[in-house]
Amino acid sequence: MERTTIKQEINISESLMERINELLSHYPSDKKKSALLPVLHAVQDAHDHWLSVELMDKVAEILEIQPIEVYEVVTFYTMYAQKPRGKYPLEFCRTSCCMLRGAEDMMDYTCNKLGIKENEVTPDGMFSVHGVECLGACGYAPMLQLGDFNHEHLTKEKIDQLIEDCRAGKIDLV
Amino acid sequence: MARKILLEKTGIEGIRNYDVYRKNGGYASVEKALKMTPDEIVEEVKKSGMRGRGGAGFPMGMKWSFIDKKSGKPRHLVCNADESEPGTFKDRYLMEYIPHLLIEGMIASSYALEANLSYIYIRGEYMWIFKILEKAIKEAYANGWLGKNIQGSGYNLDLYVHCGAGAYICGEETALIESLEGKRGNPRMKPPFPAVSGLWAEPTVVNNVESISNVPWIILNSGDEYAKIGIGRSTGTKLISASGHCKNPGVYEIELGLSVDEFMNSDEYLGGMMNDRPLKALIPGGSSVPILPEHLIFKTANGEDRLMTYESLSDGGFQTGSMLGSGGFIVYNDTSCIVRNTWNFSRFYHHESCGQCSPCREGTGWMEKVLHRIETGHGTEEDIELLWSIQSKIEGNTICPLGDAAAWPVAAAIRHFREEFEYHIRFPEKIKNRDHFVDEPMSRLVVKS
């Protein structure tokens, strides 16, 4: 497990707790642990899209399970981030079908444009670029995922536009 | 126009909403099902001959009949919407455009299995579809199709969506169940099978989205009618998701038995190749199934027409055939580098191996490294034999089929495209000097001979 020295402010707001309770209601009352994956998504979305150890401990407390049970899950699944990423994490699918349609060039173009390498964050904290595996958009390649949404049939012009829109605050992540 | 079962209504405006869906005959199968006995529905599904649409092709009715109804434990139906097989994006299309069809299928199927608590397990990357399904489920509750005493029948069912968080392995049914229990997606040893001990050690059936979405039609029209569509043991229609270098990538519903030639070349379907470049290879059923070289795509080794059926696509075994799998139809043109593609897949499987079994955990990583070495012009003559040896030691030696899925693409690539591997090894300078940044994106993959 990655340990970061960056402090994360933990805030389980009323609306977040309400969502957690709704998720918990989807499982039998003695099977709270089953809600772990959806709860982690909700908690992460409300905390700048990453999970510090302290935040994981908090989730364990809410679900009445051991912290290790949360760590195990967070380290297994790729969608949980253990350190801060860019405010706009650009996740490029690079598996074969996207590669055939030029995904690698799109990713290289974006990295060059932003002046960062894969998995790095721009100095202003706005963007990070990640290569990920198949996102199920093979017929609409090349594509990237930003927050909950896909941006498909990418071209360099579309990437330019997307980055501009992000900077202008026009892009929703959830 | 070809017959449509699943995509028949996707063109109707607003079909994503309950009112429109209901007005167009939606939920009629649930009304009919609630007047039948659960066993009668299982019998209809058995008669339909429909085979699981997730990839393995196991007859759905048979799978249903295994569920333990005698122990008196609560039973569950779990829909596998963890669609992650590279090349496959059909379930996404169904759930995104006609979410109520899946919910209707889930209610009818849960009733047949006498399950009172069911889940749809959707991959975390489909978060916007997760929200579409959540909304559709709310509508179904509000209209009395879910909850207590459904439509006055006395049958109770709760249905929820559960999201994963980015793990291919959770498409394997026992890993999916582990994940639904809030754990890492490590597949379980079988037996016991989920039908006896699944979710929370209770009898569970796991079915693919497309399989469940066929159930309403089968209930309304009978299993016998369904069995009339298709050829032989490949009954019904199948969603095919096409990607790669074809002219019209996308999701298509075909009647099983259509020829590969027609699917590939007619304007109703893929319309031939993008930019009219020559066809080089095809993966007909998702990244795990063997790749076919050009001469084995339209004809089998015996010279018969290759058809889109379970049997015809696997004709010739792995020597000269492949599999229908999940219907992930990936088309490669002459600029595609098979070595780079195989390395890409090995990276995928290495990344997605859960790490439980050594042959898969270590072997997928070794294959990725050796393939990367060859692809970047650092391979040696022994590397091909080394690769062959690694893949043969993974296959069949793991708890779940991910090991096989990682081994098969490597074996098939060497079997059919050995000369390309040899070329990479003999002419490393040419491989190293391939252009990386040029206008034509695929030129990165061109093997300049």
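Protein chains in written order, with the working numbering: chain A, 6 to 179; chain B, 277 to 725.
Beta carbons: idealized from backbone N, C-alpha and C, even for Gly.
The model shown is predicted, which means the values in this text are computed figures rather than measured ones.
Reduced DSSP category for residue i - H, G, I as helix; E, B as strand; rest coil
i        : result
B:MET700 : Note on residue identity: the sequence assigns His, not Met, to residue 700 of chain B. Helix, per DSSP.
B:PRO685 : helix
B:ALA416 : helix
B:GLY520 : strand
A:HIS135 : strand
B:ARG399 : coil
B:TYR303 : coil
B:ASN356 : strand
B:ARG298 : helix
B:ILE408 : helix
B:MET610 : Note on residue identity: the sequence assigns Asp, not Met, to residue 610 of chain B. Coil at B:ASP610, not helix or strand.
B:SER385 : helix
B:LYS726 : Because residue 726 of chain B is not part of the residues shown, which for chain B are 277 to 725, the question remains open.
B:ALA309 : helix
B:LYS556 : strand
A:VAL179 : coil
B:ILE621 : Reading off the sequence shown, one finds Phe at residue 621 of chain B, where the question assumed Ile. Note: B:PHE621 maps to helix in three-state DSSP.
B:TYR586 : helix
A:LEU167 : helix
B:LEU377 : helix
B:LEU662 : helix
Nearest residue (CA-CA) to residue i, options the options
i        : options                                : result
B:ALA682 : B:ILE495, B:ILE567, B:HIS654           : B:ILE567
B:TRP664 : B:LEU678, B:GLU651, B:ILE675, B:PRO685 : B:PRO685
B:ILE505 : B:PHE574, B:ASN432, B:GLU531, B:VAL491 : B:GLU531
B:HIS352 : B:ALA451, B:VAL318, B:ALA477           : B:ALA477
B:ARG553 : B:PHE342, B:THR611, B:ILE317           : B:THR611
B:GLU457 : B:TYR397, B:TRP642, B:GLY548           : B:TYR397
B:PHE693 : B:TYR387, B:TYR297, B:SER622, B:THR618 : B:THR618
A:GLU138 : B:LEU378, B:SER622, B:GLY641           : B:SER622
B:ALA416 : B:LEU435, B:ILE405, B:GLY301           : B:LEU435
B:TYR699 : B:ILE650, B:ILE383, B:GLU289           : B:ILE650
B:PHE383 : B:VAL306, B:ILE343, B:LYS424, B:GLY363 : Inspection of the sequence shows that residue 383 of chain B is occupied by Ile rather than by Phe. Nearest of B:VAL306, B:ILE343, B:LYS424, B:GLY363 to B:ILE383, Cα basis: B:VAL306.
B:LEU389 : B:ASN609, B:ALA332, B:THR313, B:GLY420 : B:THR313
B:ARG582 : B:ARG616, B:ASP537, B:ILE413           : B:ASP537
B:LYS299 : B:LEU662, B:HIS376, B:ARG327, B:SER455 : B:HIS376
B:LYS645 : B:SER473, B:GLU580, B:ILE660           : B:ILE660
With 16 other Cβ atoms within 10 Å as the buried cut-off, status of residue i
i        : result
A:THR181 : With chain A covering only 6 through 179, there is no way to say anything about residue 181 of chain A.
B:LEU721 : Low local confidence applies: a pLDDT of 48 at B:LEU721 is under 50, so the model's placement there is unreliable, and no value is given.
B:PHE697 : buried
A:VAL179 : exposed
B:ASP358 : buried
B:GLY508 : exposed
A:HIS158 : exposed
A:ASP35  : exposed
B:LYS514 : buried
B:GLY287 : exposed
B:CYS525 : Going by the sequence as given, residue 525 of chain B is Pro instead of Cys. By the 10 Å Cβ count, B:PRO525 comes out buried.
B:ALA418 : exposed
A:HIS156 : buried
B:GLY290 : exposed
A:ASP177 : exposed
B:PHE342 : exposed
A:ALA108 : buried
B:GLU493 : The sequence given here places Trp at residue 493 of chain B; Glu does not occur at that position. Label assigned to B:TRP493: buried.
B:PHE259 : Look at the range of chain B in this structure, 277 to 725, and you will see that residue 259 of chain B is not part of it.
A:ARG8   : exposed
A:ASN117 : exposed
B:HIS712 : Low confidence applies here, because B:HIS712 scores a pLDDT of 43, under 50, leaving its location unreliable; read the following figure in that light. Exposed, since its Cβ has fewer than 16 Cβ neighbours within 10 Å.
Any chain D beta carbon closer than 8 Å to residue i
i        : result
A:PHE154 : This model lacks chain D altogether, as its protein chains are A and B.
Distance cut-off 7 Å: residue i Cβ against heavy atoms of the ligand NAP
i       : result
A:PRO43 : With respect to the ligand NAP, the structure shown offers nothing to examine, as it has no ligands at all.
Which runs of the alpha helix (DSSP H) spanning at least 4 residues fall entirely within the region 16-52 of chain A, listed in chain order? 19-29, 41-50
Please list the segments of the alpha helix (DSSP H) lying wholly inside the region 69-156 of chain A, counting only runs of 4 or more residues, in order along the chain. 72-81, 101-105, 108-119
Counting only Cβ-Cβ distances shorter than 9 Å, please list the residues of the region 388-412 of chain B near chain A, keeping chain order. LEU393, TYR395, ARG399, GLY400, GLU401, TYR402, MET403, TRP404, PHE406, LYS407
Proximal residues, the region 504-520 of chain B versus chain A, C-beta separation under 8 Å: SER517, ALA518, SER519, GLY520
Which residues of the region 475-488 of chain B have a Cβ closer than 7 Å to any Cβ of chain A? Give them in chain order. TRP476
Note down, in chain order, all residues in the region 81-95 of chain A with a beta-carbon under 7 Å from any beta-carbon belonging to chain B. PHE81, TYR82, THR83, MET84, TYR85
Which residues, in chain order, does the region 124-146 of chain A contribute to contact with chain B at a C-beta distance below 7 Å? GLU138, CYS139, LEU140, GLY141, ALA142, CYS143, GLY144, ALA146
Mind checking the region 597-608 of chain B against chain A and listing, in chain order, the residues whose C-beta falls within less than 8 Å of any C-beta there? GLY604, ILE606, TYR608
Looking at chain A, which residues of the region 690-706 of chain B have a Cβ within less than 8 Å of any of its Cβ atoms? none
Listed in chain order, which residues of the region 648-661 of chain B have Cβ atoms closer than 7 Å to some Cβ of chain A? none
Just list the alpha helix (DSSP H) runs in the region 444-492 of chain B, keeping only unbroken ones of 4 residues or longer that don't cross its boundaries, in chain order. 449-456
Give the residues from the region 333-357 of chain B that approach chain A closer than 8 Å (Cβ to any Cβ), ordered along the chain. none
Note down, in chain order, all residues in the region 439-452 of chain B with a beta-carbon under 8 Å from any beta-carbon belonging to chain A. CYS439, GLY440, ALA441, GLY442, ALA443, TYR444
Selection of the region 458-476 of chain B by Cβ proximity to chain A, strictly under 9 Å: GLY458, LYS459, ARG460, GLY461, ASN462, LEU475, TRP476
Which residues, in order along the region 542-574 of chain B, keep a beta-carbon less than 7 Å from a beta-carbon of chain A? SER563
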